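A.B. asks: Pasting a structure below so you can have a look.
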Amino acid sequence: MAKRNGVLVLADEAKVGQQFTCPGCNQPVILKRGGIKVAHFAHKNANCNKLSENESQLHLSGKLALMQMAQELYPDTQVETIFADIEQRADVYLPSAKIALEYQCSPIDQVSLQQRTQGYLQIGLQVIWILGNTYLKRKLTTQTLAKFARFDVNWGFYLLFWDAKVRHFVLWTDIVEVAGHYRYQQSSHQTYQELKQYHQQCQLHQPQIAINQHIKQLESINSQIKLQKETLIFMVTQCYQDGKILPACPIICHPKEAQFPIFGGHTLFWRILVVLKIFRGKTDWLTKQKLNLIFKETVEIYGIMFHQIPNCQRFYRLAFLQYLQELATNGYLKQTYDKVIITKRPKWFLDWDQKKRFWLQERKKESA
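Letter 215 of the sequence shown, counting from 1, is numbered 215 in the UniProt record's numbering, and no numbers are missing.
Below, the structure is given as structure tokens:
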């Protein structure tokens, strides 16, 4: 991308022989187009770190499209704006809205992402990360969620993409965890205005988790235990120390509804760990201080850090309080003003086979 007569142009749309300047440093650049490399602009005399030479055309066209749409709402929108104080360049900058748009097509590590996000916050800007085609075609991972997910009361946890191939937004909203898997609602929108309209009509859903989904999750866990997967060693050990078997965990450990994706796909393990810590030993009560310690310890192990969502602790705290209420409703706990009384202990199954038989019987009752 370069400027010709003050207007941004893409390399594959430019003509050889015309004069262009770098949008970052305003120095002359030349158009290079060959039979092998992607058409791109290069500096005549010196390299400039303000211009991504030979940048992918999808990335370039995406930035230009985002800028042009933003200009319809914010005429002062700029592209590739340099912020010298933090040594960063925003793909698209909306001065009047104090927003920086980052169109992310290539992989970025968490350290670099956090530094860039904090850099914008340092100068009073909100940053919105819009993901490109590389991320759109991938399966949703915990790493992508932790790096780029945002939260909205209408959209829940969500990710925003710009598909540069078909030139429209793709929105993954209401991202939840269902029995160890991520689920979301996908929609497409042509403009920012369409996104705003969709925001007004969108509502969150909390689907029930079917018995078959619980069975499938535990069958997978059981197979991974047999293969001695490293990711399960911690929880298997925690259960073993109490003379328990992980797949034979109490039914109360399995949420009945889809959950916020705050435990990296391991909500079940987090709930099992909470039960182990609350009901461990022979004590009949716990102080609120002890409960708070259990909350902190379990979240530290399974909670994921969202780089684009402030105050993540509110989601973990809500999940913990809801779980305590669920345990109380089912007769395991009774809360007083200064402590929690254990009224009965959750029943563990002897093994996975016994638990599976129980669930199959429950499924028959539901279908009868």
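Beta carbons: idealized from backbone N, C-alpha and C, even for Gly. Computed from a predicted structure; not experimentally measured.
Classify THR283 as helix, strand or coil using the three-state DSSP reduction.
C.D. replies: Correct three-state label for THR283: coil.
A.B. asks: For ARG116, count the other beta carbons within 10 Å of its own beta carbon; 16 or more makes it buried, fewer makes it exposed. Which is it?
C.D. replies: Classification for ARG116: buried.
A.B. asks: In the structure shown, what three-state DSSP assignment does GLU53 receive?
C.D. replies: Note on GLU53: pLDDT 45, under 50, position unreliable in the model; the coordinate value appears next. Coil.
A.B. asks: Over the uninterrupted beta strand (DSSP E) stretch that includes TYR184, give me the two end residues.
C.D. replies: Note, TYR184: beta strand (DSSP E), 181-189.
A.B. asks: For PRO207, count neighbouring C-beta atoms within 10 Å of its own C-beta (all shown protein chains included) and say buried if the count is 16 or more, exposed if not.
C.D. replies: It is exposed - the Cβ of PRO207 has fewer than 16 other Cβ atoms within 10 Å.
A.B. asks: When the Cα atoms are used, what is the spatial distance from GLN200 to GLY264?
C.D. replies: Roughly 29 Å between the two C-alpha positions.
A.B. asks: Are there 16 or more other CB atoms within 10 angstroms of the CB of LYS139, so buried, or fewer, so exposed?
C.D. replies: When all chains shown are included, LYS139 counts as exposed.
A.B. asks: Got a sec? Which residues, its chain only, sit under 7 Å from GLN18 by beta carbon, not counting five neighbours each side?
C.D. replies: If we look at GLN18 and ignore the five residues flanking it on each side, its Cβ neighbours are ARG4.
A.B. asks: On a Cα-Cα basis, can you pick out the residue from PHE83, ALA84, ILE82 and MET67 that is closest to ASP76?
C.D. replies: Out of PHE83, ALA84, ILE82 and MET67, MET67 has the C-alpha closest to the C-alpha of ASP76.
A.B. asks: Whole angstroms is fine: what's the gap from VAL9's alpha carbon to ILE108's?
C.D. replies: Going from the Cα of VAL9 to the Cα of ILE108 covers about 26 Å.
A.B. asks: Using a 10 Å radius around the Cβ and a threshold of 16 neighbouring Cβ atoms, would you call LEU268 buried or exposed?
C.D. replies: Buried.
A.B. asks: Using the beta-carbon count (16 or more within 10 Å), is GLY132 buried or exposed?
C.D. replies: GLY132 should be labelled buried.
A.B. asks: Among TRP352, ALA39 and GLN335, whose alpha-carbon lies nearest the alpha-carbon of LYS15?
C.D. replies: Of TRP352, ALA39 and GLN335, the residue nearest in Cα terms is ALA39.
A.B. asks: Nearest-angstrom Cα distance between ALA149 and PHE157?
C.D. replies: Those two C-alpha atoms are separated by around 6 Å.
A.B. asks: Alpha carbon to alpha carbon, how far is THR298 from residue 374? Give it in angstroms, no decimals.
C.D. replies: What the structure shows of the chain is the stretch from 1 to 368, and residue 374 is not part of that stretch, so it cannot be assessed.
A.B. asks: Using the beta-carbon count (16 or more within 10 Å), is GLN104 buried or exposed?
C.D. replies: The residue in question, GLN104, is buried, as its Cβ has 16 or more Cβ neighbours within 10 Å.
A.B. asks: Please confirm if the stretch 345-358 is in contact with the stretch 289-305, defined as three or more CB-CB distances below 8 Å between the two stretches.
C.D. replies: The stretch 345-358 is not in contact with the stretch 289-305.
A.B. asks: How about CYS249 and ILE272: are their beta carbons less than 8 Å apart?
C.D. replies: Contact flag set, yes.
A.B. asks: Apart from the five residues just before and just after ASN311, which ones in its own chain have a Cβ nearer than 7 Å to its Cβ?
C.D. replies: Excluding positions up to five away in sequence, the list is empty.
A.B. asks: Are GLU87 and TRP129 touching if we call contact CB-CB under 8 Å?
C.D. replies: It is not a contact, given that the beta carbons lie outside the stated cut-off.
A.B. asks: Name, in chain order, the residues that DSSP records as bridge partners for GLN78.
C.D. replies: Beta-bridge pairing links GLN78 to TYR93.
A.B. asks: Between which two residues does the alpha helix (DSSP H) holding ARG345 run?
C.D. replies: Segment: none, ARG345 is in no alpha helix (DSSP H) and carries neither H nor E.
A.B. asks: I'd like the span of the beta strand (DSSP E) that includes TYR302, first residue to last.
C.D. replies: Not the beta strand (DSSP E): TYR302 falls in the alpha helix (DSSP H), residues 288-302.
A.B. asks: For the beta strand (DSSP E) holding GLN104, just list the boundary residues, first then last.
C.D. replies: Taken as a continuous stretch (DSSP letters only), the beta strand (DSSP E) holding GLN104 covers 99-104.
A.B. asks: Counting C-beta neighbours from all protein chains within 10 Å, is the total for ASN45 16 or more, i.e. buried, or is it exposed?
C.D. replies: Looking at its Cβ environment, which holds fewer than 16 other Cβ atoms inside 10 Å, ASN45 is exposed.
A.B. asks: Beta-carbon separation of ALA100 and TYR120 under 8 Å?
C.D. replies: Contact: yes.
A.B. asks: What first and last residue would you give for the alpha helix (DSSP H) that runs through GLN213?
C.D. replies: 211-226 is the extent of the alpha helix (DSSP H) around GLN213.
A.B. asks: Per DSSP, which residues does GLY156 bridge with? Please list them.
C.D. replies: The partner list for GLY156 (beta bridge, DSSP) reads ASP152.
A.B. asks: Taking buried to mean at least 16 other C-beta atoms within 10 Å of its own C-beta, is MET305 buried or exposed?
C.D. replies: Exposed.
A.B. asks: Evaluate ASP284 with the Cβ neighbour count: other Cβ atoms within 10 Å of its Cβ, from every protein chain shown; 16 or more gives buried, anything less gives exposed.
C.D. replies: Exposed, because fewer than 16 other Cβ atoms sit within 10 Å of the Cβ of ASP284.
A.B. asks: Between ALA42 and THR21, is the Cβ-Cβ spacing less than 8 Å?
C.D. replies: Result no, Cβ atoms of ALA42 and THR21 do not sit closer than 8 Å.
A.B. asks: Pick from ASP85, ALA84 and GLU80: whose alpha carbon is nearest that of LEU94?
C.D. replies: It is GLU80 whose Cα lies nearest to the Cα of LEU94.
A.B. asks: Just curious, the alpha helix (DSSP H) that VAL111 is in, first and last residue?
C.D. replies: That run of the alpha helix (DSSP H) goes 110-122.
A.B. asks: Could you please give the first and the last residue of the uninterrupted alpha helix (DSSP H) stretch that includes VAL16?
C.D. replies: No alpha helix (DSSP H) holds VAL16; DSSP gives it neither H nor E.
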